[in-house]
Structure formats: structure tokens, C-alpha cells
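Residues in the sequence shown are numbered consecutively from 110, following this note's numbering.
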Amino acid sequence: MSQFGMHLPGGQAQRGSSMTVYTGLLFLAVVALAAACIFVYLTGRTVGKDGDPLGKQVRNQIKLQQSK
């Protein structure tokens, strides 16, 4: 039947998965987001209350820590 261009389903050899452009872009996006989270955390320690990046400042009483 293959002489007429008719092929049975599943007749091809199975290929293993390979890295595509989209997989590379996804990996790059994850690395960029992780770097951004680390940057925001470290910057938040500078302006957060008592060095806590998640601590809130009191309105009109904002105090920044001294640079080390």
C-alpha cells in the first residue's frame, strides 16, 4: 500500500523529545523571573522596616537603613 501513498498510523519510528526554541525560551523566562524575585527581595530589605523585606513602613515615618 505504501506505493500508493497510504500509510498505516503508528508506522513511523518514535522519536525522543528534543529541546525546542520554546523550551529554551521557557527556561530563560524562569531564570529571569527568579533573578527578578531575588533582586526585589534584596531591595526590599533596604527599605523594609527593621530589614524585613515584607515589613510595612508607617505612613509619614519612613526610615531607610544605612548602606553597608
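For every residue, glycine included, the Cβ atom is placed at its ideal position computed from N, Cα and C.
Rounded C-alpha distance that separates residue i from residue j
i	j	result
Asn155	Val140	In the sequence on display, residue 155 carries Thr and not Asn. When rounded, the distance between both Cα atoms is 23 Å.
Leu135	Gln170	42 Å
Thr132	Leu142	15 Å
Ser127	Ala138	19 Å
Val149	Pro118	52 Å
Close beta carbons around residue i, own chain, < 8 Å, minus the five adjacent residues each side
i	result
Arg168	none
Spatial neighbours of residue i in its chain, beta-carbon cut-off 7 Å, leaving aside the 5 residues before and after
i	result
Gly164	Gly157 and Lys158
Cβ-based neighbour list, residue i, same chain, cut-off 6 Å, excluding 5 preceding and 5 following
i	result
Gln166	Lys158
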